[in-house]
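Residue numbers (this note's numbering): 598 to 906. We put the CB at the ideal spot given by N, CA and C, even for glycine. All values derive from a computational prediction rather than experimental measurement. Working notes, beginning with the structure itself.
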């Protein structure tokens with residue numbers, strides 16, 4: 598049974614673009630009648646949009662104690678999520694320490710599904726994967742009432758931001774993911790799962806949820822889904838990893854993020870993302886978004902604009 602909605606729920610990364618979990622989660626919690634305190638790093642149009650939704654926006658830094666005291670005081674439930682960053686572990690521990698001080702009743706941690714394959718003796722070459730694993734260890738030691746959410750690769754990442762230009766300009770799904778299977782999940786679906794947890798967290802405390810998408814399939818299969826959704830032939834091209842990462846550098850993508858994406862690509866090629874669970878359906882009662890529907894929703898980003906002569 599839900600507790601009262603008197604205490605706000607803190608949503609970190611509420612204005613973030615990566616995955617858009619925080620922004621979607623904020624809207625979903627407000628729709629459920631909760632007060633939401635949305636943490637943002639800066640005042641901008643995204644913060645303004647959160648206020649228009651009905652959230653109380655607070656500006657702060659996850660690695661700053663004073664910021665987090667201001668953000669967490671009076672809060673009973675926290676969603677902790679942060680984009681790929683070398684400061685991820687520091688931010689997690691800092692937020693957890695303040696949450697412990699204020700006696701929160703639920704701390705929902707957004708991790709990554711690759712952590713399921715890691716241990717004290719097994720890791721990956723991604724610095725971000727290691728930070729997620731260490732963060733989970735620290736939260737386990739903290740004694741906080743933690744719920745861990747581990748999504749697989751996001752549709753919004755490899756299949757939108759990193760693929761849109763190739764699909765739009767060359768009718769190619771050009772990614773360095775090899776020929777193995779993968780089960781990408783929508784960030785909106787993940788946000789919906791987290792909203793269900795935060796709406797009534799007590800049954801979920803101590804649980805780990807591994808979230809995958811609609812199906813696990815190879816990239817040729819997904820290229821056909823692009824073709825069907827866009828009404829034109831899209832082909833998958835397995836591009837060399839080195840050239841792909843060079844292109845990311847040309848766009849000034851941070852080195853920490855490039856290293857993480859490169860390892861994700863290598864793990865895809867090794868078949869390490871061929872994974873399926875029904876945790877998302879169990880949490881939300883809804884079937885995960887399939888790639889066809891996702892591409893339809895974002896068709897404009899995969900299609901060249903027609904300029905009148």
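I need the boundaries of the alpha helix (DSSP H) containing residue i, first residue and last residue.
| i | result |
| --- | --- |
| residue 724 | 724-739 |
| residue 695 | 685-699 |
| residue 792 | 784-796 |
| residue 619 | 618-628 |
| residue 855 | 852-866 |
| residue 647 | 642-650 |
| residue 883 | Counting along the chain, residue 883 falls outside any alpha helix (DSSP H), and DSSP gives it neither H nor E. |
Strictly by DSSP, which residues pair up with residue i?
| i | result |
| --- | --- |
| residue 670 | DSSP lists no partner for residue 670. |
| residue 771 | 834 |
| residue 704 | 675 and 743 |
| residue 656 | 637 |
| residue 586 | Because the chain in this structure spans residues 598 to 906, residue 586 falls outside the shown range and cannot be described. |
| residue 748 | 808 |
On the CB-based measure, 16 or more other CB atoms within 10 Å of its CB, does residue i come out buried or exposed?
| i | result |
| --- | --- |
| residue 599 | With a pLDDT of only 47 at residue 599, under the threshold of 50, the placement of this residue in the model should not be trusted; the figure read from the coordinates follows. With fewer than 16 other Cβ atoms within 10 Å, it is exposed. |
| residue 778 | buried |
| residue 738 | exposed |
| residue 605 | buried |
| residue 830 | exposed |
| residue 663 | exposed |
| residue 692 | buried |
| residue 886 | buried |
| residue 675 | buried |
| residue 776 | exposed |
| residue 780 | buried |
Closer than 7 Å by C-beta to residue i: which residues in its own chain qualify, once you throw out the five before and the five after it? Chain order, please.
| i | result |
| --- | --- |
| residue 773 | 835, 836, 837, 838, 841 and 862 |
| residue 722 | 860 |
| residue 895 | 757 |
| residue 666 | 695 |
| residue 846 | 855 |
| residue 654 | 635, 637, 644, 647 and 648 |
| residue 668 | 607, 634, 636, 655 and 657 |
For the beta strand (DSSP E) holding residue i, just list the boundary residues, first then last.
| i | result |
| --- | --- |
| residue 633 | 633-637 |
| residue 608 | 606-608 |
| residue 807 | 805-808 |
Excluding sequence positions up to five away, which residues of its chain have a Cβ less than 6 Å from the Cβ of residue i?
| i | result |
| --- | --- |
| residue 689 | 732 |
| residue 822 | 888 and 889 |
| residue 707 | 678 and 746 |
| residue 880 | 790 and 793 |
| residue 893 | 826 |
Might you give, ordered along the chain, the residues of its own chain that have their beta carbon closer than 8 Å to the beta carbon of residue i, omitting 5 neighbours on each side?
| i | result |
| --- | --- |
| residue 631 | 602, 605, 606, 795 and 796 |
| residue 627 | 633, 650, 651 and 652 |
| residue 686 | 728, 731, 732 and 735 |
| residue 617 | 753, 784, 785 and 788 |
*Is the number of C-beta pairs between the stretch 669-682 and the stretch 850-869 that are closer than 8 Å three or more?*
yes
*Are at least three pairs of beta-carbons, each pair with one atom in the stretch 720-739 and one in the stretch 750-761, less than 8 Å apart?*
no
_Stretch-stretch touch, CB-based, cutoff 8 Å, three pairs: the stretch 619-630 with the stretch 783-794_ = yes
*Do three or more CB pairs link the stretch 798-808 to the stretch 699-708 at distances below 8 Å?*
yes
*At a cut of 8 Å, does the stretch 761-769 reach the stretch 711-727 through at least three beta carbon pairs?*
no
*Cβ pair count under 8 Å reaching 3, the stretch 807-820 against the stretch 866-877*: yes
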